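Student: Residue numbers (the working numbering): 2 to 175.
Cβ atoms here follow ideal geometry from the backbone N, Cα and C, with glycine treated the same way.
In this text the structure is predicted, and so the values were computed from the model without any measurement.
Below is the structure I would like to discuss, written out as structure tokens.
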Ligand SMILES: [Zn+2]
């Protein structure tokens, strides 16, 4: 869900109202299914999902909701043209659709945030954490099905077999 930077920026925002605004948007997306971050700039659409520029400090994150047009992919400013990152975030939308919003918000969102905060420490790769490789796997499958010649960026957004030493698992499977 979160990339390397947003975990840290959320950690910083726990000291001020930004965190509560963020929490409000998360809960609203989950429960009510339609609430973008106030004042956010919409920059496009990906497979029916609104793309926004993340108004928080830095980082990218995704909020699945009950329908694609109520979801939101929030890209950090540096990534608004980063097709690989968008497609990774779209994998989190597919998790919400395939595994359910309860699974997404009670397990994936929480564990992904914790993982993102460890990113870069002692060589830790957040993108190899199971919540991320699962998202990559779902999105890669979607793109290869839709565009058979599609080249997924396995270096940046690996699937589980490319992450030796990281336990692969399907979220909410046990
Ligand atoms: Zn992610």
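Using DSSP's beta-bridge definition, name the partner residues of residue 62.
Tutor: Its beta-bridge partners are 75.
Student: Quick one: is the Cβ of residue 78 within less than 7 Å of any heavy atom of ligand 1?
Tutor: Because no heavy atom of ligand 1 lies under 7 Å away, the Cβ of residue 78 does not count as near it: no.
Student: In terms of residue numbering, what span does the alpha helix (DSSP H) encompassing residue 54 cover?
Tutor: No alpha helix (DSSP H) contains residue 54, which is instead part of the beta strand (DSSP E) from 50-54.
Student: In terms of alpha-carbon separation, which member of 114, 160, 115, 144 lies closest to residue 135?
Tutor: When only C-alpha atoms are compared, the closest one is 160.
Student: Mind checking residue 124: buried by the 16 CB within 10 Å criterion, or exposed?
Tutor: Residue 124 is exposed by the Cβ-count criterion.
Student: DSSP three-state label for residue 134, please.
Tutor: In this structure, residue 134 counts as helix in the three-state DSSP scheme.
Student: With distances taken Cα to Cα, identify the nearest neighbour of residue 49 among 127, 27, 73.
Tutor: Closest by alpha carbon: 73.
Student: How would you write the range of the alpha helix (DSSP H) that residue 95 sits in, first residue to last?
Tutor: 84-100 is the extent of the alpha helix (DSSP H) around residue 95.
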